[in-house]
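Trainee: Structure provided below as structure tokens; questions to follow.
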Ligand SMILES: Nc1ncnc2c1ncn2[C@@H]1O[C@H](COP(=O)(O)OP(=O)(O)OP(=O)(O)O)[C@@H](O)[C@H]1O
Ligand SMILES: Nc1ncnc2c1ncn2[C@@H]1O[C@H](COP(=O)(O)OP(=O)(O)OP(=O)(O)O)[C@@H](O)[C@H]1O
Ligand SMILES: [Mg+2]
Ligand SMILES: [Mg+2]
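Chains as they are written, first to last, in this note's numbering: chain A, 2 to 218; chain B, 665 to 914; chain C, 11 to 276; chain D, 11 to 276; chain E, 21 to 239.
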């Protein structure tokens, strides 16, 4: 096997350009995933049965249906009801909303380990629910769930490759296209893997940093 | 009743989707869309007097996208088959889709198509070429071991890895692969099976009838003034000899 | 509230009962707590002291009877509904702002420093600016002698230090009624004296206090009245001298105090 | 161990020091604890009592000096290495089996019932059968008067009940040395008396006990000697009568006990 | 919708589903076990091993499964690793899942209050016992949900095995799609089968969660 670094070197600029889409979708998706995830989690454990039922439905839909199908729905079905999203918006939204279901569950699991006494203390002081979540529960749930959350964010980066089905030339797609012309899949895929690795390494290291910062000694 | 042709002319722009992953028809080289279909369709758009915007989509979302109206036209090489003609409107042939084999360079055990008897041969799932390969294989004394791959890339990768001895796909693609990785792949001549052709696709139904007609007119014009041959020469190094009437498919 | 109410009890408990599954933790407890009074709750372990305290601010949804703060029913919309319906969280929150609490297990927030633990509610409930809240929190921490540890997290504090943060957190809010659940259990005698001083000061400022305690010396010294619970029932509620005199009226109280008296004769 | 060792101190602490970052929690503490002795540790909150206790079984890796149990260096391989190297976990585990501990915060295992909390180590360390372990655990729970709650999880127990489970868990293991960190902080006077009885019994069976306590009555009553810590330093270590007599030799001890004495005059 | 399609392709779809389930269960349980071992080694092992595990986690977790599988299956033969599709699929599935599981377990370890471990050490429980009896049962509280999540994610990652011609569900539905030029029906079938797996997994997760959080419920 002759592994050709020339091929990688030659195509790297195009792959890096494509990686910008990957980054954009990932960052947008992460923002939605975290913000919406917290909200869905809070709804899921609400004492109001309708709210928690809706949240359960949300989680079960977005975890149950393959993301590919969700994307196709967002992009190809929504126009039928008059919602014609641009491809990039559909991709960010689908990726973020799907990931939010997972994030919500991670946070819910983490929340269960926060001793109930802490919530009681907040109640006894009259701290409003919003502040309770913002200042007491979410920071601790994020700390406990951080490794799992980083897992989820990294999966999100990788799953952004599905955005190709709505016509976005992100990293995986462009790598495949280059492969189709050069017939050198191994080289191109190794290079693509390296780019994904670097992006995810940054995510992961930030996660570990946050874990360290939030650690209560 | 909407008419696509007049809509497009009014807009001054046609949006065409393809999978930029089928050399030498659709390729993405150095970050740019190129290939036979690119060159041909650019000419078509010029003749129509409209701008063209090309989209790159994976195969599985091209047909849904066409039906959802996300774009007007598929300028990918789609093998013209009877079943597909029921659902979509095809243009005249723009490329040769007859099946041919590629083997590992220097493999002397395969000199002609019949030599694949008893050997492992890969092809792309769902392609018209796969059907041709199967039929051909049945006609041999010992049938070949036909393996189906989701993408042709993987079949070629397995050929390189040595798990299979040959790959069957359209003659232009096999030829291009042999040129690109000269030391690795080699084409087995001649192509075999029924002659098949690639056409372009517009949504099925009446709306696209006038568009198809107009594009067919342009294709014939390009046959006549030699542009079609020139473009094919440029990418294939030979003239595929395409019919100027709709081929009969069964 | 009308002026004449000052002579009314601030908290009225009537026929209070609470079950954990089939276990009866409180049974028909009735009790008045007067304005500016210090009421000590004593009784054997597991007799329901914490539970009673927690019913007062509806951390436990009591099953029968009622608790009223200045006439307001705490927690339930009404006692006549069947089943009872709890108040909306916003209404409950307003009620609870009048009632401070120091927990038996402290329940500090581990991710916040001592100062932040105290300042948190000042910012989010009293709507103080961060700087003001921290100033006030510092004053509260100074009262419990903890100024040097304001930047420590709970995990890095000794037991007594944690307890003092919990006390500071509650007193900084200046509620009308303060519920203390064994506020000096982790404190050394010297500090107990200091905390007692702080409490006396608060009492003279008109705060009402309900204090669960096992320290009979504390109860004897600081209480206006002492209530004795046993097996979820209120046995007696009288001024301390009546209970700490050599032979209280009730034999159960007597037995309860016996070992204590023996031990404290040095 | 040779017989003549019985007159040797069972625990020898020499020049012990412990830092948390730059904060000096213990400074040059030296102390002998005799076999079957009950030693009470008293001192202001934050003076390092819990830290000292935790150094004795190496829950805190002490920085300077040494702790020896029957001559064995606890925790470190040797005190001459620089930096010091801790023992392998298996060796440490064997050392710790001789040393029981009741924590200030109880540290019960919330997923196990009271009975399971007590039986766990009997099964997995003492290698008892499950039935035997449970019998023994029941005996221990009965000693602290908690037979009726054996099937409850810690979250459903009152503070005092939790503390008693913690005590039962430790005493069921019958270690040579028992470390108690404020074992009666959450107990009512009556129970304090009972626990005290249990402790006396254990002492007469030859167990050595180190008890951190804020209850001076407890210390006065049960201790063979009382050690007073302040700001991480051992100020004095004398028999209780010397410290609880009206004016102890040391003015700091005197100040510490002053408020306590005042309060306990009923 | 053409019903006879489902009759014609039913057997191959079912066999695809069976292969998917096989790869999923073997792969994800293998990954779970490997991940747990990694997490334990990371927590208790010597420093060099920790760095190795750190690197392993970052590299495997940071790169797409499709590419890993491609490199293993198609690049492997050139270095003498010749695997069958199902072998390659299951091995790479185990490897791919393990760092995620390891990280989930790591978060579980972090969630247990140190005091409880100290208490266990004080009564002389061995480190192994501490993990199995004290830490593991409790860490299931925060990690059951993330574990369920990841099992669900893995159901869908099985689709990637089609790249190396593992005859799993997607592979079979694509056969159906490409032979019949339908795309709604195959996607529908695909979605229903995945949905079945997802529902099963989340049910199981919910049951486990109810069990492991029993002690938290206050009466
Ligand atoms: N993990 C830690 N990190 C930093 N400082 C600590 C830590 N643990 C204890 N300290 C500090 O060390 C000092 C001694 O703590 P220790 O818990 O030994 O006190 P103590 O005598 O037991 O007090 P108390 O009676 O309040 O329990 C305290 O000032 C405390 O703030
Ligand atoms: N959540 C609960 N579920 C079941 N039983 C409970 C619960 N909380 C408390 N109990 C039981 O109710 C009784 C009263 O508990 P409570 O905490 O009020 O006692 P206490 O008087 O405060 O005792 P202590 O002095 O030990 O703190 C105890 O027997 C306890 O076991
Ligand atoms: Mg209590
Ligand atoms: Mg202490």
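Glycine included, each C-beta is placed from N, C-alpha and C at the ideal position.
None of these values were measured; they are calculated from a predicted model.
Name the chain E residues whose beta carbon is nearer than 7 Å to that of residue 131 of chain D?
Mentor: 143, 144, 145
Trainee: If we cut at 9 Å on Cβ distances, does residue 111 of chain C have a partner in chain A?
Mentor: yes
Trainee: State yes or no: is the beta carbon of residue 73 of chain A nearer than 9 Å to at least one beta carbon in chain B?
Mentor: yes
Trainee: Just to check my reading of the structure: residue 46 of chain D and residue 217 of chain D have Cβ atoms closer than 8 Å, yes? What is that Cβ distance to the nearest angstrom?
Mentor: 7 Å
Trainee: Check the Cβ-Cβ distances between residue 113 of chain A and every residue of chain E, and say whether any is below 9 Å.
Mentor: yes
Trainee: Could you give the DSSP three-state label for residue 62 of chain E: helix, strand or coil?
Mentor: helix
Trainee: Closer than 8 Å is the cut-off here; do at least three beta carbon pairs connect the stretch 259 to 266 of chain D with the stretch 74 to 91 of chain D?
Mentor: no
Trainee: Nearer than 8 Å: is that true of the beta carbon of residue 59 of chain D relative to any heavy atom of ligand 4?
Mentor: For residue 59 of chain D, the shortest separation between its Cβ and any heavy atom of ligand 4 lies below 8 Å.
Trainee: Taking all protein chains shown into account, decide if residue 59 of chain C is buried (16 or more other Cβ within 10 angstroms of its Cβ) or exposed.
Mentor: buried
Trainee: Could you check if residue 176 of chain D belongs to the surroundings of ligand 3, using beta carbon to heavy atom distance under 8 Å?
Mentor: no
Trainee: Using a Cβ cut-off of 7 Å, which residues of the stretch 126 to 139 of chain E contact any Cβ in chain D, in chain order?
Mentor: 135, 136, 138, 139
Trainee: Taking just the CA atoms, how far does residue 53 of chain D sit from residue 237 of chain E?
Mentor: A direct Cα-Cα distance of roughly 38 Å separates residue 237 of chain E from residue 53 of chain D.
Trainee: For the structure I just gave you, are there three or more beta carbon pairs, one from the stretch 79 to 98 of chain E and one from the stretch 113 to 126 of chain E, closer than 8 Å?
Mentor: Touching, per the Cβ criterion.
Trainee: Would you identify the three-state DSSP class for residue 252 of chain D, choosing helix, strand or coil?
Mentor: helix
Trainee: What runs of the beta strand (DSSP E), each 3 residues or longer, lie entirely inside the stretch 178 to 231 of chain D?
Mentor: Within the stretch 178 to 231 of chain D, the complete beta strand (DSSP E) runs of at least 3 residues are 187 to 191, 218 to 222.
Trainee: Buried or exposed: which applies to residue 213 of chain A, given that a residue is buried once 16 or more other Cβ atoms fall within 10 Å of its Cβ?
Mentor: Residue 213 of chain A counts as exposed, since fewer than 16 other beta carbons sit within 10 angstroms of its beta carbon.
Trainee: Do the stretch 31 to 50 of chain D and the stretch 233 to 253 of chain D touch if we need at least three Cβ pairs shorter than 8 Å?
Mentor: yes
Trainee: Just to check my reading of the structure: residue 221 of chain E and residue 168 of chain E have Cβ atoms closer than 8 Å, yes? What is that Cβ distance to the nearest angstrom?
Mentor: 6 Å
Trainee: Counting only beta-carbon separations shorter than 9 Å, does residue 198 of chain D have a partner in chain C?
Mentor: yes
Trainee: Do you know whose CA, among A:55, A:99, A:20, A:10, lies nearest residue 35 of chain A's CA?
Mentor: A:99
Trainee: Under 8 Å from any heavy atom of ligand 6, does the C-beta of residue 191 of chain D make it?
Mentor: Ligand 6 is not part of this structure, which contains only ligand 1, ligand 2, ligand 3 and ligand 4.
Trainee: For residue 666 of chain B, is the classification buried or exposed, using 16 other Cβ atoms within 10 angstroms of its Cβ as the cut-off for buried?
Mentor: Burial call: exposed.
Trainee: Can you tell me whether residue 71 of chain E is buried or exposed? The criterion is at least 16 other CB atoms within 10 Å of its CB, across all chains shown.
Mentor: exposed
Trainee: List the whole-angstrom C-beta distance separating residue 190 of chain A from residue 820 of chain B, where the pair is believed to meet the contact cut-off of C-beta under 8 Å.
Mentor: Contact between residue 190 of chain A and residue 820 of chain B is absent: CB atoms are separated by about 13 Å, not below the 8 Å threshold.
Trainee: Would you grab the beta carbon distance between residue 134 of chain D and residue 149 of chain E for me? Rounded to a whole angstrom, and I think it's under 8 Å.
Mentor: 5 Å
Trainee: Verify the contact flag: residue 40 of chain A, CB atom, against every heavy atom of ligand 1, threshold strictly below 8 Å.
Mentor: no
Trainee: Got a sec: does ligand 3 put a non-hydrogen atom nearer than 8 Å to the Cβ of residue 173 of chain C?
Mentor: no
Trainee: Quick check on the burial criterion: 16 or more other C-beta atoms within 10 angstroms. Buried or exposed for residue 117 of chain D?
Mentor: buried
Trainee: Give the residues of chain E in contact with residue 686 of chain B, contact being defined as C-beta atoms less than 7 Å apart.
Mentor: None at all; the shortest Cβ gap to chain E is about 15 Å.
Trainee: For residue 68 of chain E, which residues from the same chain have a beta carbon less than 7 Å from its beta carbon, with the 5 sequence-adjacent residues on both sides left out?
Mentor: Around residue 68 of chain E: no qualifying Cβ.
Trainee: Any residues in the stretch 691 to 703 of chain B with a beta carbon nearer than 8 Å to a beta carbon of chain A? Which ones, in chain order?
Mentor: For the stretch 691 to 703 of chain B, the beta-carbon criterion of a distance under 8 Å to any beta-carbon of chain A is satisfied by 691, 692, 693, 694, 695.
Trainee: In chain A, which residues lie less than 7 Å from residue 211 of chain E when you measure between Cβ atoms?
Mentor: What residue 211 of chain E touches in chain A: 66, 67, 70.
Trainee: Residues in its own chain within less than 6 Å of residue 838 of chain B by CB, not counting five upstream and five downstream?
Mentor: 764, 766, 851
Trainee: Residue 163 of chain A lies in the beta strand (DSSP E); which residues open and close that run?
Mentor: From DSSP, residue 163 of chain A is part of no beta strand (DSSP E); its letter is neither H nor E.
Trainee: Given residue 190 of chain E, which residues of its chain have a CB within under 6 Å of its CB, disregarding the five upstream and five downstream residues?
Mentor: 179, 182
Trainee: For ligand 2, I want to know if residue 54 of chain C counts as a neighbour, meaning its beta carbon is within less than 8 Å of at least one of the ligand's heavy atoms.
Mentor: yes
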